[in-house]
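Chains as they are written, first to last, in my numbering: chain A, 970 to 1187; chain B, 970 to 1187.
Working notes, beginning with the structure itself.
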DNA sequence: GTTTAAGGAATGAATGTTCATTCCTATCGG
DNA sequence: CCGATAGGAATGAACATTCATTCCTTAAAC
């Protein structure tokens, strides 16, 4: 999926009435209408995850998105609104990548494998999204709506691990502990991949997943 | 240990020559000379770990440390110097907490338990230090000296896990993977403790440690 | 098919604010 | 009294945000 398509949550038909001629002669010919918002969000993701919220200026975002600084304020009321929109977009995208169409008939062993695989693919395809979400998850500029979104995501996993505990498949430990340990391990391994400290191979991912299974199995 | 004592790396005798009278009549009577530097570093730790480097102003640090803004520049050349001093101090302190007087005759199982326990105690005693180090470890304002310190710490662990692998005690996986997974898991559990999502009890810590052992044991 | 006027979007210089840093003054210990 | 030190107002740079202007697209008129 092209990165330009990512943020088209709502149908973009209204912005798509330009013909080929107009498309080619615009100052920023490579960007069509709705693409501007996406370009801004993409640029913000890169900069916020590299430099943090306060370390990123609106001018930097504008420059990387190849738009004027004022244009950002046509799409977002202010910098806070932008970071919250970005956070919510990626939180939803990540939740979807995990939970959408999750087969219900998988064995617990296969379930963990599937989850690990989804997580792995998500952070390979969106290398900046994970560090952005991690980096900003407790930030003071997040609105309540952003925070609640994060909690809802967590709850789905707690239910899952609670069930596996009742069925005596995992160790008799609180699901919160399983969640904290597994997600921590995953994030740790993923960071090592991204830092180049570890080679991202299918074999390595299988090893890591196997180790996590050993950690939680009864 | 009082937090005021933490930063007295070098003997603080020179700063301790005031008598009781002068102590009581100073503008900020509760602070003695060298304590100012420590108060600044303590305040900076709190603020940097809560709000990040760019989200913290020098005025905030001065206010929380109960000193004038200009005073900070008597002890540090600039804000970058301050954050680097803080990073290096805590990196060294953490490395010390892990590696100092580590018994050489422990069984691998006991070694992991000891390391987990040390890590656990360190982050219980210094709840802000871990998130500060995590939060800033790849920041652009860190000097090379700060970065090298972080690497040296990691290398000690890699050697340890390499040995355990050769001795066929842990799984036949790269030590970098073991390191990434174990530290990730620890940080995940520790964050959950700090966020109040998990009760910090001796039992819970023992469970978490047990799970990590299962993850890495052959 | 070409010209042109209107509407809306993008721009980036200008604005007021906030920041890191400096520096003069008041205060302190001796 | 004197030298030194802490304080915090002053300074200039950098920031988020605004807004008058320009530019682009469309559609109407011919």
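Note that beta-carbon positions come from the ideal geometry of N, C-alpha and C, so glycine has one too.
Treat the numbers as computed from the prediction; the structure is a model and nothing was measured.
At least 8 Å separates the beta-carbon of residue 1180 of chain B from that of residue 1138 of chain A. Distance from the CA atom of residue 1070 of chain B to the CA atom of residue 1024 of chain B, rounded to whole angstroms, is 38 Å.
No residue range can be given for residue 1022 of chain A, since it is assigned to no alpha helix (DSSP H) and is classified by DSSP as neither H nor E. Around the beta carbon of residue 1152 of chain A, 16 or more other beta carbons sit within 10 angstroms, so the residue counts as buried. Take residue 1021 of chain B, set aside five residues on each side of it, and no residue of its chain has a beta-carbon closer than 6 Å to its own. Sixteen is the threshold: when 16 or more other Cβ atoms of the shown chains lie within 10 Å of the Cβ of residue 1159 of chain A, as they do, the residue is buried. In the three-state scheme derived from DSSP, where H, G and I count as helix and E and B as strand, residue 1139 of chain B is classed as strand. Listed along chain A are 1143, 1145, 1146 and 1149, each with a C-beta nearer than 8 Å to that of residue 1167 of chain B. With a cutoff of 8 Å on beta-carbon distance, residue 1131 of chain A and residue 1183 of chain B are scored as not near each other. In the three-state scheme derived from DSSP, where H, G and I count as helix and E and B as strand, residue 1169 of chain A is classed as coil. With a cutoff of 8 Å on beta-carbon distance, residue 1167 of chain A and residue 1145 of chain A are scored as not near each other.
At a cut-off of 8 Å between beta-carbon atoms, residue 1023 of chain B makes contact with chain A. The C-alpha of residue 1172 of chain B is placed about 17 Å away from the C-alpha of residue 1134 of chain A.
Not a single C-beta of chain A is nearer than 8 Å to the C-beta of residue 1082 of chain B. Using a Cβ-Cβ distance cut-off of 8 Å, the region 1000-1019 of chain A and the region 1028-1044 of chain A are in contact, since at least three pairs of beta carbons, one from each stretch, lie closer than that value. Around the Cβ of residue 1100 of chain A, a 10 Å sphere holds 16 or more other Cβ atoms; the residue is buried. Among the residues of chain A, those whose CB is under 8 Å from the CB of residue 1152 of chain B are 1157, following chain order. Partner residues in the beta bridge of residue 1186 of chain B, as assigned by DSSP, are B:1139. Of all C-beta pairs linking the region 1026-1041 of chain A to the region 1102-1122 of chain B, fewer than three are shorter than 8 Å, placing the two stretches out of contact. Think of a sphere of 7 Å around the beta carbon of residue 1185 of chain B: the chain A residues whose beta carbon falls inside it are 1180, in chain order. For residue 1003 of chain B, there are no neighbours in chain A by C-beta distance under 8 Å, as the nearest C-beta there is about 31 Å away. A residue is called buried when at least 16 other Cβ atoms come within 10 angstroms of its Cβ; residue 1028 of chain B does not meet this threshold and is exposed. The region 1051-1058 of chain A and the region 1058-1075 of chain B do not touch, with fewer than 3 CB-CB distances between them shorter than 8 Å.
Chain order gives the chain A residues near residue 1177 of chain B as 1142, 1146, 1149 and 1150, where near means a beta carbon separation below 9 Å. Residues of chain B with a Cβ closer than 7 Å to the Cβ of residue 1161 of chain A are, in chain order, 1145 and 1149. With fewer than 16 other beta carbons inside 10 angstroms of its own, residue 1113 of chain A counts as exposed. Taking 8 Å as the threshold, the shortest C-beta distance from residue 1173 of chain A to chain B falls below it. Proximity of chain A to residue 1109 of chain B at the Cβ level (cut-off 9 Å) is accounted for by 1019, 1020 and 1024, in chain order. Residue state for residue 1044 of chain B is assigned as helix, using DSSP reduced to three classes. Contact annotation, residue 1150 of chain B with residue 1149 of chain A: C-beta distance approximately 14 Å; criterion of less than 8 Å not satisfied. In the structure shown, residue 1036 of chain A falls within a coil segment according to DSSP collapsed to helix, strand and coil. Spanning the alpha carbons of residue 1164 of chain B and residue 1032 of chain A requires a straight line of approximately 37 Å.
By the neighbour-count definition (other C-beta atoms within 10 Å, threshold 16), residue 1081 of chain A is a buried residue. When A:1187, A:1051, A:1063 and A:1047 are compared, the shortest CA-CA separation from residue 1103 of chain A is found for A:1063. For residue 1072 of chain B, the three-state secondary structure derived from DSSP is coil. Residue 1014 of chain B is a Cβ neighbour of residue 1098 of chain B, given a cutoff of 8 Å.
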